[in-house]
């Protein structure tokens with residue numbers, strides 16, 4: 002039993018961290034009143050940007066000449082830029098052009114998934130043009146700078162730090178409170194002299210970058226730097242569900258993410274007979290459903306979403 | 079911090095339009111689509127480094143060159159169009175249902191289950207009963223099972239939404255994964271008695287009942303023994319569905335209620351529309367239609383797997399929005415999408431990389447971004463004016 006827990010818990014933590022990044026990013030975004038359903042796509046793009054950057058660096062200088070700083074910075078920067086651009090696209094459409102947030106988010110997810118899978122697939126085909134049946138690329142050298150294998154590495158642990166910082170920011174700083182005001186009632190915030198558009202942009206962009214790091218974390222640590230049609234979209238959707246589960250609290254999301262991470266890998270760990278495994282895989286989704294229903298049954302004021310969530314703000318329309 | 083607006087030589091002021099002539103709105107949309115298509119062309123040329131005419135030619139060859147490919151292409155258009163039609167009533171109501179993937183899959187699953195267990199029954203293995211009679215018994219069963227399963231998958235999120243305002247986007251999404259895992263489980267599970275195992279090897283089903291005497295029941299007939307004609311029934315069914323749904327949304331009382339609820343739930347309830355009932359009813363309809371498409375897929379392909387829907391439940395949402403919920407527009411959008419998705423596979427570049435479905439999805443969402451973005455220019459008017467002199 003103890004040996005089981007000793008191997009299970011670190012892996013549950015590891016699997017939970019991409020979820021934590023995703024949900025922290027989405028909480029920050031939703032606090033500004035933007036419902037970003039594009040998180041799965043953003044995580045995908047963040048991941049493939051990081052992987053492409055690492056891949057190009059690794060193959061251009063060779064394993065022997067790689068410097069540790071660059072091996073970490075290149076994927077990290079590429080990931081941040083990729084997810085920043087995705088966030089910018091979302092912001093421009095929903096805040097500046099006041100497009101419907103649900104549709105924009107959904108198409109952003111389809112867009113991001115398409116871009117990432119196409120780029121990833123092309124990278125695979127370019128490197129294995131002759132070999133058939135090979136369906137993955139590995140950035141084995143870069144991964145060494147991220148984690149040692151089965152225990153969470155520094156990128157995973159930073160997720161906890163970012164979640165805690167976000168929680169403190171939202172609760173105790175002036176900017177955090179103004180951000181929450183924008184999400185609750187942009188017209189009132191506007192009248193109080195808060196620049197609604199700027200807050201929405203900054204919160205969504207930072208949120209996207211945090212979520213993008215979750216994608217990178219998934220590939221670098223959970224998948225050990227191997228890219229073969231990863232199921233990042235699944236992680237992204239669960240992250241959005243976690244936002245509701247934790248009632249918009251990043252600090253609670255730390256524990257919730259680890260719990261869901263555990264549920265995600267339960268089927269691999271218990272090693273059930275073939276077939277039954279598919280039922281274990283069902284558990285996180287059923288739990289999410291039950292949680293969704295349960296949360297909607299309890300109607301306490303502090304558990305409600307930001308009041309203007311999902312609505313575009315236009316100053317002259319009151 | 080300096081405002082970005084100050085960098086421009088003029089000031090932009092946004093005002094809401096009170097109304098815009100329909101032709102002007104369509105001009106704006108047309109221009110947006112044109113720019114989007116040009117952008118897509120530029121991206122394709124940059125990535126493939128090929129002559130655009132060659133690219134189009136190979137895409138066309140992959141989808142329309144011979145009779146067999148034309149049938150398959152038409153069938154794929156029909157399925158995508160069918161799912162898009164099915165999601166439309168719910169979306170028009172602003173019910174964010176992204177569960178079409180699961181609703182179609184569970185419908186297909188139910189139809190396949192009927193086909194499978196019928197194949198083990200003595201009646202269907204009786205050689206004295208003709209194939210036509212067997213099919214006449216089996217098809218209605220499959221149809222009812224598929225529609226029922228799809229409707230159930232649509233009903234659950236709507237019920238919780240209308241009762242307790244449970245988030246429908248995530249609810250329907252989780253239902254997708256649940257349907258997916260159920261199908262995977264049935265295919266992989268080894269615990270049934272030998273003759274009730276869904277697949278011999280636990281990975282793929284193959285043609286349902288292929289090892290049994292009742293092989294072939296439950297699949298659509300080929301007309302005149304021509305290959306590809308088994309797709310005729312799904313194509314005709316979706317064609318009929320297009321007309322019916324167009325009439326339903328445009329002229330029926332239900333259709334009117336759906337659009338009022340979509341515009342504003344408050345207006346609807348003030349007008350005496352029972353909003354919750356409309357939501358549940360419409361989602362049951364939406365799910366049932368998805369289930370119907372699942373039946374058509376299983377009937378035409380004679381098999382089931384976990385990726386039988388292949389992401390089309392999500393693409394259908396794009397098709398529906400791109401066409402502004404207009405069934406006639408959806409015919410063209412799904413044709414374009416299928417052409418891009420399956421044509422792209424035929425475009426092989428010199429360096430061994432080929433375009434694929436993901437690439438087509440990418441281009442399609444670019445077009446959609448332009449379409450949803452251009453609504454801004456339909457709803458709002460921009461005024462330009464010179465900067466007033468700085469007072470300092």
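Chains as they are written, first to last, in the working numbering: chain A, 2 to 319; chain B, 79 to 470. Note that CB positions come from ideal geometry on N, CA and C, so glycine has one too.
Between residue i and the rest of its own chain, which residues show a CB-CB distance below 8 Å, the 5 nearest in sequence each way excluded?
| i | result |
| --- | --- |
| residue 303 of chain B | none |
| residue 470 of chain B | Confidence at residue 470 of chain B is low in this model, with a pLDDT of 43, below 50, so its placement is unreliable and the value that follows should be read with caution. So no residue of the chain qualifies. |
| residue 207 of chain B | 201 |
Does residue i pass the burial test, meaning 16 or more other C-beta atoms within 10 Å, or should it be called exposed?
| i | result |
| --- | --- |
| residue 80 of chain B | Because residue 80 of chain B carries a pLDDT of 45, less than 50, the predicted location of this residue cannot be relied on, and no value is offered for it. |
| residue 85 of chain A | buried |
| residue 321 of chain B | exposed |
| residue 99 of chain B | exposed |
| residue 88 of chain B | exposed |
| residue 282 of chain B | exposed |
| residue 16 of chain A | buried |
| residue 349 of chain B | exposed |
| residue 103 of chain A | buried |
| residue 420 of chain B | buried |
| residue 41 of chain A | buried |
| residue 318 of chain B | exposed |
| residue 69 of chain A | exposed |
| residue 122 of chain B | buried |
| residue 367 of chain B | buried |
In the DSSP assignment, find the alpha helix (DSSP H) that holds residue i and state where it starts and stops.
| i | result |
| --- | --- |
| residue 426 of chain B | Per DSSP, residue 426 of chain B belongs to no alpha helix (DSSP H) and is neither H nor E. |
| residue 179 of chain B | 178-196 |
| residue 336 of chain B | 331-341 |
| residue 260 of chain B | 246-266 |
| residue 218 of chain A | 197-218 |
| residue 291 of chain B | First-last for residue 291 of chain B: undefined, no H or E at that position. |
| residue 162 of chain B | 145-170 |
| residue 147 of chain A | Neither: residue 147 of chain A is in no alpha helix (DSSP H) and is coded neither H nor E. |
| residue 2 of chain A | Careful: residue 2 of chain A lies outside any alpha helix (DSSP H) and carries neither H nor E. |
| residue 234 of chain A | 233-246 |
| residue 307 of chain A | Neither: residue 307 of chain A is in no alpha helix (DSSP H) and is coded neither H nor E. |
| residue 139 of chain B | 130-142 |
| residue 316 of chain A | That residue, residue 316 of chain A, is in no alpha helix (DSSP H); it is neither H nor E in DSSP. |
| residue 285 of chain A | 277-298 |
| residue 49 of chain A | 40-62 |
| residue 117 of chain B | 100-126 |
| residue 274 of chain B | Unbroken run through residue 274 of chain B: none, as it is neither H nor E. |
| residue 184 of chain A | 175-185 |
Once the 5 residues before and after residue i are set aside, which same chain residues still bring their CB inside 7 Å of it?
| i | result |
| --- | --- |
| residue 118 of chain A | 230 |
| residue 310 of chain B | 301 |
| residue 380 of chain B | 285, 286, 297 |
| residue 92 of chain B | 458, 460 |
| residue 245 of chain A | 293, 296 |
For a contact meaning CB atoms closer than 7 Å, what does residue i contact in chain B?
| i | result |
| --- | --- |
| residue 283 of chain A | 256, 259 |
| residue 53 of chain A | Neighbours of residue 53 of chain A on chain B: none; closest Cβ ~14 Å, over 7 Å. |
| residue 290 of chain A | 249, 252 |
Residue range of the beta strand (DSSP E) that residue i falls in?
| i | result |
| --- | --- |
| residue 463 of chain B | 458-464 |
| residue 92 of chain B | 88-94 |
Note down, in chain order, every chain A residue with its Cβ under 8 Å from the Cβ of residue i.
| i | result |
| --- | --- |
| residue 440 of chain B | 112, 115, 116, 119 |
| residue 243 of chain B | 297 |
Please list, in chain order, the chain A residues whose beta carbon lies closer than 9 Å to that of residue i.
| i | result |
| --- | --- |
| residue 450 of chain B | 94, 98, 100, 101, 104, 105, 108 |
Quick one: which chain A residues come within Cβ less than 7 Å of residue i?
| i | result |
| --- | --- |
| residue 303 of chain B | Result: empty, since nearest Cβ-Cβ is about 36 Å, beyond 7 Å. |
| residue 453 of chain B | 100 |
| residue 431 of chain B | 123, 126, 127 |
| residue 262 of chain B | 279 |
Got a sec? Which residues, its chain only, sit under 6 Å from residue i by beta carbon, not counting five neighbours each side?
| i | result |
| --- | --- |
| residue 51 of chain A | 76, 79, 80, 217 |
| residue 19 of chain A | 215, 218, 219, 236 |
Can you name the residues of chain B whose CB is closer than 9 Å to the CB of residue i?
| i | result |
| --- | --- |
| residue 317 of chain A | 92, 93, 94 |
| residue 294 of chain A | 238, 242, 244, 249 |
If the cut is a Cβ gap below 8 Å, which residues of chain B does residue i touch?
| i | result |
| --- | --- |
| residue 286 of chain A | 252, 255, 256, 259 |
Using a Cβ-Cβ cut-off of less than 9 Å, list which residues of the stretch 266-290 of chain B approach chain A; keep chain order. 266, 267, 268, 269, 280
Against chain B, which members of the stretch 236-250 of chain A pass a CB distance test of less than 8 Å? 238, 241, 242, 245
Along the stretch 373-406 of chain B, what residues have a CB closer than 8 Å to any CB found in chain A? 392, 393, 395, 396, 399
Report the residues of the stretch 94-113 of chain A with a CB closer than 7 Å to any CB of chain B, ordered along the chain. 94, 98, 99, 100, 101, 103, 104, 105, 107, 108, 111, 112
Counting only Cβ-Cβ distances shorter than 8 Å, please list the residues of the stretch 331-349 of chain B near chain A, keeping chain order. none
Using Cβ-Cβ distances below 8 Å, what residues of the stretch 263-282 of chain A are close to chain B? 274, 275, 276, 277, 278, 279, 280, 282
Using a beta-carbon distance cut-off of less than 7 Å, what residues from the stretch 34-48 of chain A approach chain B? 38
Along the stretch 216-235 of chain B, where does the CB come closer than 8 Å to a CB of chain A? Name the residues. none
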